[in-house]
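J.: Right, I'll just put the structure down here and ask away after.
Residue numbers (our numbering): 21 to 188.
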């Protein structure tokens, strides 16, 4: 199945569509992504360890949930869908809080990212085709760990989250 995404401009207005293979590797083609930061009631952040088979950043620890927004889909719908797919979290129970939105660029791709937060103490069922492992980390443990074990996108996200919570 070919995944098709909306292409957007620097203001997040839809300007066309393209498939995954076209947008990955071309930072001129901006597309949309939804991230979900999953915390437990103790304030620990769930991180997923990307599958060793992934094309981008294999085997690295990454944001709790992250996925592309399909063409015609909303950020909210993508966040709910990806959370159910990747972690098996019942979206009928989880409450998603919008945090912030930003344009993320690197040498590989450009993405409009919308980030949400949920608190979850229930069971998790990881999507084994995408994720090799996962666990909750304290923010202090993440901060004191070797940064090379994390994806650059996650480290960027964590910095944005820290800035966001300090501004509250």
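C-beta: ideal position from N, C-alpha, C; glycine also. These numbers come from a predicted model, not from an experiment.
Pick out whichever of 21, 32 and 165 has its Cα sitting closest to the Cα of residue 94.
T.: As a first step, residue 94 must be located in the chain shown, where it is residue number 74. Out of 21, 32 and 165, 32 has the C-alpha closest to the C-alpha of residue 94.
J.: Using a Cβ-Cβ cut-off of 7 Å (strictly less than) and excluding sequence neighbours within five positions of residue 157, which residues of its own chain qualify?
T.: Stepping through the chain shown from its first residue, residue 157 is reached at position 137. Within the same chain, residue 157 has close Cβ partners 64, 65 and 67.
J.: What does the alpha-carbon distance come out to for the pair residue 219 and residue 50?
T.: Residue 219 is absent from the model: the chain starts at 21 and stops at 188.
J.: For residue 77, which of helix, strand or coil comes out of DSSP?
T.: Position 57 of the chain shown, counted from the start, is the residue given in the question as residue 77. Residue 77 falls in the coil class under three-state DSSP.
J.: Go through its chain and collect everything with a Cβ distance to residue 111's Cβ below 7 Å, but skip five positions before and after it.
T.: Taking the chain shown and counting its residues from 1, one reaches residue 111 at position 91. Closer than 7 Å at Cβ, skipping near neighbours: 100, 103 and 104.
J.: Are the stretch 139-157 and the stretch 166-182 in contact at 8 Å, needing three or more beta carbon pairs?
T.: no
J.: For residue 114, which three-state DSSP category applies?
T.: Here the question's residue 114 lines up with position 94 in the chain shown. Coil at residue 114, not helix or strand.
J.: Taking the beta carbon of residue 92 as the centre, do at least 16 other beta carbons fall within 10 Å, making it buried, or is it exposed?
T.: As a position in the chain shown, residue 92 is number 72, starting the count at 1. It counts as exposed.
J.: In the DSSP output, which residue or residues are listed as bridge partners for residue 27?
T.: By 1-based counting over the chain shown, the position of residue 27 is 7. Answer is 36.
J.: Cutting at 6 Å between CB atoms, please list the residues of its own chain near residue 220, excluding the five before and the five after it.
T.: The structure shown does not extend to residue 220, since the chain is modelled only from 21 to 188, so the question has no answer here.
J.: Straight-line CA distance for residue 61 to residue 117?
T.: As a position in the chain shown, residue 61 is number 41, starting the count at 1. As a position in the chain shown, residue 117 is number 97, starting the count at 1. Between residue 61 and residue 117, the C-alpha separation is close to 15 Å.
J.: Mind checking who residue 99 pairs with in its DSSP beta bridge?
T.: To locate residue 99, count along the chain shown from 1; it is residue 79. Answer is none; residue 99 lacks a bridge partner.
J.: Helix, strand or coil for residue 179, going by three-state DSSP, please let me know.
T.: Here residue 179 corresponds to residue number 159 of the chain shown, with the count starting at 1. If DSSP states are grouped into helix, strand and coil, residue 179 belongs with the helices.
J.: Let me confirm a value: residue 80 is counted as buried when at least 16 other C-beta atoms fall within 10 Å, else exposed. Which label applies?
T.: As a working note, residue 80 is residue 60 in the chain shown. That one is buried.
J.: Grab me the residues of residue 45's own chain with a C-beta within less than 8 Å of its C-beta, minus the 5 sequence neighbours each way, in chain order.
T.: Counting from 1 along the chain shown, the entry for residue 45 is found at position 25. If we look at residue 45 and ignore the five residues flanking it on each side, its Cβ neighbours are 128 and 129.
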